[in-house]
Amino acid sequence: GAVVSQHPSRVICKSGTSVKIECRSLDFQATTMFWYRQFPKKSLMLMATSNEGSKATYEQGVEKDKFLINHASLTLSTLTVTSAHPEDSSFYICSARFQNRVSEAFFGQGTRLTVV
Amino acid sequence: GIQVEQSPPDLILQEGANSTLRCNFSDSVNNLQWFHQNPWGQLINLFYIPSGTKQNGRLSATTVATERYSLLYISSSQTTDSGVYFCAVDRGSSASKIIFGSGTRLSIRP
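From first to last, the protein sequence lines are chains A and B.
Here this note's numbering is used: position 81 in the first sequence is 106, and no number is missing along the way.
Here this note's numbering is used: position 86 in the second sequence is 1212, and no number is missing along the way.
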C-alpha cells in the first residue's frame, strides 16, 4: 500500500521552543493532508486540513498561530508547534490520500511530543 | 458533522475466542476504514470497506451502508490482536474530513 512517512517519531523539547514535524507521501501525490492529535487513551482529533498551495483549514478550537501548517508541495506537509508548552505534549499523526482520488487514507507513524 | 460510535468500548477475551466490533455512523458516507493502532501508536490499515464484505485471514469486515453500520470480525484471537481498533469515515472527496470513532480497546489474554 501507499506509504506516508512522518518524522521525527519522538521529540523532547524545552518550553518556549518550536518543533517542526514533517509528513511525506512517499509514492504518491497528495493534494490534501490531515493533521490529528491524540491524547492518551482517546481517539484521534482532527486539528487541520492541509491544502497544497493554500492556507490550511483549522478545526474549531485549534489555534492556527500555535500550530503552523505548511503544505509546500504535493508530497510534503509540515506542522510546527510554536512556543511549545507542556500542555502541547501529545501524539500527533498525519494522514494523506491519493490526489483527486476517493479511496483509503494512509497514516504516518506518528510523533510523540514531550515538552519539558 | 458525521457522528461515529463504536461498541463495545472495551473487550477482554481469552486467546482463541472470536469477537465482533461494531461501528455506527450518523449519515451517508462514501469511505469507511478499519484500523488497528499498535502499542507504538502506528495506525495499521485493516480494511477499506465503504460497502460489502471483505476477508483477510482471521479478520473480516462487513459494511451495510444503507443501515449505516460496519462490523469487524476477529476469529481465533491471538495476543498480538490486542490494541485499539478504530473505525473512520468520510464523505468521499479528496478534501473530506476523516472522522474517527472512539475506538474499541481489545485485550486478548493468553
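Idealized CB from N, CA, C, for every residue including glycine.
- With a threshold of 8 Å between beta carbons, GLN1181/B makes no contact with chain A.
- Annotation: ASP1207/B is outside any beta strand (DSSP E) and is labelled neither H nor E by DSSP.
- Against chain B, the beta carbon of ILE118/A has neighbours under 8 Å at GLY1167, LEU1169, listed in chain order.
- Taken through DSSP and simplified to helix, strand or coil, ALA130/A comes out as coil.
- Counting only Cβ-Cβ distances below 9 Å, GLN1159/B has contacts in chain A at GLU129, ALA130, in chain order.
- The segment 1192 to 1205 of chain B makes no contact with the segment 130 to 140 of chain A; the number of CB pairs closer than 8 Å stays below 3.
- The contact set of TYR1195/B on chain A, defined by CB atoms closer than 7 Å, is empty, because the minimum CB distance reaches about 18 Å.
- Only residues of its own chain outside the window of five on either side were considered, and among them SER1233, ARG1235 have a CB closer than 7 Å to the CB of ILE1138/B, listed in chain order.
- Nearest CB-CB separation between THR74/A and chain B: below the 8 Å threshold.
- What GLY41/A touches in chain B, judged by beta-carbon distance under 8 Å, is nothing: the nearest beta carbon there is about 26 Å away.
- Listed along chain A are SER68, LEU69, each with a C-beta nearer than 9 Å to that of PHE1212/B.
- Spanning the alpha carbons of GLU1193/B and PHE1151/B requires a straight line of approximately 9 Å.
- Counting along the chain, the unbroken beta strand (DSSP E) around SER102/A starts and ends at 101 to 106.
- In the DSSP secondary-structure assignment, ALA121/A is bridged to MET58/A, PHE131/A.
- Between the alpha carbons of ILE1225/B and GLY1142/B lies a distance of about 31 Å.
- Membership of SER98/A in the beta strand (DSSP E) is indicated by the continuous run 92 to 98.
- One alpha carbon belongs to ARG1184/B, the other to SER1145/B, and they sit about 11 Å apart.
- One thing to note: PHE59/A has its Cβ no nearer than 8 Å to the Cβ of SER34/A.
- ASP90/A is classed as exposed because its beta carbon has fewer than 16 other beta carbons within 10 Å across all chains shown.
- For the options PRO65/A, LEU69/A, SER98/A, the alpha carbon positioned closest to that of CYS48/A is the one of SER98/A.
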